[in-house]
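Chemist: Structure provided below as structure tokens; questions to follow.
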């Protein structure tokens, strides 16, 4: 399992695209929004947590189809399926690798980009915290969507369509917790709900994703 | 570890392709699988490897004893030859890749990214992967595609020493490998609606193919 | 004619759209049912001849 | 005879063929009178005025939109557990009906919302939930459409339906929570029970029965079509294999 994780991280680093793509997209979103909304600091700081969350979510969505597609095309997935790693383990490791390559950099970059959006003082901490808890769920749900569409030509668009409604609860609770925390309101309820979604996704979705992968390899 | 198959029916897309297959692959044995293109050899190998369920019957061997060598080699273009091999070795819990490297004459290529390999070299690397799985039963689908004569000999030697060590191999191929082997022709097992069927086969098909009218 | 007052537009448009969609759904379902039946019958015929 | 025997498409085809005319008949004698009653013979309501007439299409379609998804969840589960062929085809057949109902509920809701609340769209929890439900239906149908092999498609869409249902419920809670957080007190949703007296309720009941029967009739026809398609697919695959 560790070998698989190391390999995926190494591939992401060598192929380029991996680390860079999501971050670049995130940067683009957070620099473009002020141009669209106007430079008023008040408005920007109010919408900043929401924009950062949406930006992170879209950046995450962008790289989902790579989770299984490349391994499927070059035959590695067949070989991994016959290797002594359970399919659920493969899914979990792949989702973890995706999180390390996209979710974690996004989480680290978000407080910095928050400055561009006039995010107020406690907001930096809150956006970091909510993304840290929420992005693993995004990667796991995304891995499930990728497992469903792995064998399909032009699966990318379909993948976005499938994953979009699945992301909504995470987005709502994450952005809500960040907004409330920034405004100094109690934010523990949405935070706990989001943590629950993350924990539930990590615990249960690998089984669903593994089932989908097995069907797709048939 | 013996691979025994009795009354096996394999299906592609839900439709039976080969049926009533029965054979045994014992340790030390090589079985050559032959039959025209599209006759279901790949489907059979994938079923034996546990990648898809058989329509009828079962495979006696534990999937953990089997390794499957597909058309695609499962190589990562940006990883070097050594990294590719080490990865598959550690996935299977082994660490020694030296026999695989020497067996397929890859010593001089170790540092090269596999993107820069020729088709034949890639194939050799793909076959070397078999040795680092440490599994006794090899299921190989057209292993000699794009290999030159010298490499085919290397491959045949690898199979010979694998078999001599108590392993076994089921190889779908169209060329003569010069191995001491029995041949299994899949032609007679081609699924045919007019063939008389046993009851359990009938039950398995019954959901759609036979009963629906 | 029924007097619907200030809600005339809202009521008529929502009813028209609803009935339109339902009828479209029924037509689509019915047409597809007929088409598939024809294609299946043809295929069964071919299969019988091939055997 | 147990329910599971209808896993056999032959039996299902035979039975559904016999039942279908009756269902269509029943649907006609409930839905059409129900709609006519609701449209022509209901009085003006004190608080909604005549716009109350929209209730006869809005409420049944909204209820069907949710019920059909639940039905798809149950049939998908049956497929996953028992590989019941009729079951999963019924789920596929229901999806288009469900999405139509969702669209009707959304559109009539928006049109009704304009005179009542002064806006076509509000991010009210109910409206938002239906929008999300609409997305789930779309995704489910798109996945069916994208996969060639019927059994593979059945497996994958069933998994999607089951996982999607969990997330749909989560969304419902999330949306309630979220809207409450943004506009305090400004709840736009209508509390139907309080306003509906018998004059409106009786035709509504008839319309509900009519919509349900319409669903059943369409579902039977569509499921029969889907089963024929599976058979057709197998025949075509065989033909192609014979040519090869």
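Protein chains in written order, with the UniProt record's numbering: chain U, 1 to 218; chain C, 1 to 213; chain Y, 1 to 51; chain G, 1 to 244.
No residue lacks a Cβ here, since even glycine has one placed at the ideal position from N, Cα and C.
Keep in mind it's a predicted model, so treat the numbers as computed, not measured.
Please confirm whether residue 218 of chain G and residue 90 of chain G have their CB atoms less than 8 Å apart.
Modeler: no
Chemist: For residue 63 of chain U, which of helix, strand or coil comes out of DSSP?
Modeler: coil
Chemist: At 3 residues or longer, what runs of the beta strand (DSSP E) sit wholly inside the stretch 60–141 of chain C?
Modeler: Those beta strand (DSSP E) runs which fall completely within the stretch 60–141 of chain C and span 3+ residues are 66–69, 137–141.
Chemist: So, does the CB of residue 81 of chain U fall closer than 8 Å to a CB anywhere in chain C?
Modeler: yes
Chemist: Just list the residues that DSSP pairs residue 216 of chain C with in beta bridges.
Modeler: There is simply no residue 216 of chain C to check, as chain C begins at 1 and stops at 213 in what is shown.
Chemist: Just to check my reading of the structure: residue 189 of chain C and residue 18 of chain C have Cβ atoms closer than 8 Å, yes? What is that Cβ distance to the nearest angstrom?
Modeler: 5 Å
Chemist: Are there 16 or more other CB atoms within 10 angstroms of the CB of residue 83 of chain C, so buried, or fewer, so exposed?
Modeler: buried
Chemist: Does DSSP put residue 92 of chain G in a helix, in a strand, or in coil?
Modeler: helix
Chemist: Using the C-alpha atoms, what's the distance from residue 37 of chain G back to residue 213 of chain C?
Modeler: In this predicted model, residue 213 of chain C has a pLDDT of only 40, less than 50, meaning its place in the structure is not dependable enough to derive any value.
Chemist: Please report the distance separating the alpha-carbon of residue 61 of chain G from that of residue 36 of chain C.
Modeler: 56 Å
Chemist: What does residue 237 of chain G reach in chain C if we use C-beta pairs closer than 9 Å?
Modeler: 12, 13, 14, 15
Chemist: With a threshold of 8 Å, are at least 3 pairs of Cβ atoms found where one atom belongs to the stretch 36–43 of chain U and the other to the stretch 119–134 of chain U?
Modeler: Because the criterion of three Cβ pairs below 8 Å is not met, the stretch 36–43 of chain U and the stretch 119–134 of chain U do not touch.
Chemist: Which residues in the same chain as residue 178 of chain U place their Cβ atom closer than 6 Å to its Cβ, once the five residues preceding and following it in sequence are excluded?
Modeler: 49, 126, 127, 130
Chemist: At the 8 Å Cβ level, is residue 211 of chain U part of the contact set with chain G, yes or no?
Modeler: yes
Chemist: Ordered along the chain, which non-local residues of its own chain (more than five positions away) have a Cβ less than 7 Å from that of residue 103 of chain U?
Modeler: Only 60, 135, 136, 138, 139 meet the Cβ criterion.
Chemist: Below 8 Å between beta carbons: does that hold for residue 170 of chain G and residue 190 of chain U?
Modeler: no
Chemist: Helix, strand or coil, according to DSSP, for residue 31 of chain C in the structure here?
Modeler: Residue 31 of chain C: strand per DSSP, three-state reduction.
Chemist: Can you have a look at residue 136 of chain G and say buried or exposed, based on whether 16 or more other CB atoms are within 10 angstroms of its CB?
Modeler: It counts as buried.
Chemist: For a minimum of 4 consecutive residues, which ranges assigned as the alpha helix (DSSP H) are wholly contained in the stretch 125–160 of chain G?
Modeler: 125–146
Chemist: Could you tell me which of U:154, U:116, U:108, U:23 sits nearest to residue 43 of chain U, measuring between CA atoms?
Modeler: U:116
Chemist: Which residue wins for smallest C-alpha separation from residue 187 of chain C, given the options C:39, C:109, C:48, C:2?
Modeler: Comparing alpha-carbon positions, the option among C:39, C:109, C:48, C:2 lying closest to residue 187 of chain C turns out to be C:39.
Chemist: Can a CB atom of chain C be found closer than 8 Å to the CB of residue 75 of chain U?
Modeler: yes
Chemist: Output the distance between the C-alpha atoms of residue 183 of chain G and residue 175 of chain G, rounded to the nearest integer angstrom.
Modeler: Note that residue 183 of chain G scores a pLDDT of 37, beneath 50, so its modelled location is shaky; the value from the coordinates is reported in the next line. Approximately 12 Å, taken between the alpha carbons.
Chemist: What three-state label does DSSP hand residue 39 of chain U in the structure shown?
Modeler: coil
Chemist: Could you spell out where the beta strand (DSSP E) holding residue 83 of chain U opens and where it closes?
Modeler: Note, residue 83 of chain U: premise wrong, no beta strand (DSSP E); not H, not E.
Chemist: Return the first residue and the last residue of the alpha helix (DSSP H) that residue 41 of chain Y is part of.
Modeler: Here the alpha helix (DSSP H) through residue 41 of chain Y covers 8–50.
Chemist: On a CA-only basis, which of C:85, C:29, C:136, C:23 is nearest residue 126 of chain C? Give me that one, please.
Modeler: Closest by alpha carbon: C:85.
Chemist: In angstroms with no decimal places, state the Cα-to-Cα distance between residue 190 of chain G and residue 25 of chain Y.
Modeler: Confidence at residue 190 of chain G is low in this model, with a pLDDT of 46, below 50, so the placement of that residue is unreliable and no value is reported for it.
Chemist: Sort U:8, U:187, U:194 by Cα distance to residue 90 of chain U and report the nearest one.
Modeler: The residue among U:8, U:187, U:194 with its C-alpha nearest the C-alpha of residue 90 of chain U is U:8.
Chemist: Report the neighbours of residue 215 of chain U on chain G: residues whose CB is nearer than 7 Å to its CB, in chain order.
Modeler: Simply 152, 155, 156.
Chemist: Which one of U:176, U:109, U:181, U:153 has the shortest CA to CA distance from residue 70 of chain U?
Modeler: Nearest C-alpha to residue 70 of chain U: U:153.
Chemist: Distance cutoff 8 Å, beta carbons only. Does residue 218 of chain U sit that close to anything in chain G?
Modeler: Closer than 8 Å: yes.
Chemist: For residue 58 of chain U, which option in U:72, U:68, U:22 has the closest C-alpha, if you only look at C-alpha atoms?
Modeler: U:22
Chemist: Taking 8 Å as the CB-CB cut-off, is residue 9 of chain U touching chain G?
Modeler: no
Chemist: Relative to chain G, which residues along the stretch 29–48 of chain Y have a C-beta separation below 8 Å, given in chain order?
Modeler: 29, 30, 32, 33, 36, 37, 39, 40, 43, 44, 46, 47
Chemist: Please classify residue 179 of chain G as buried or exposed, where buried requires at least 16 other C-beta atoms within 10 Å of its C-beta.
Modeler: With 16 or more other Cβ atoms within 10 Å, it is buried.
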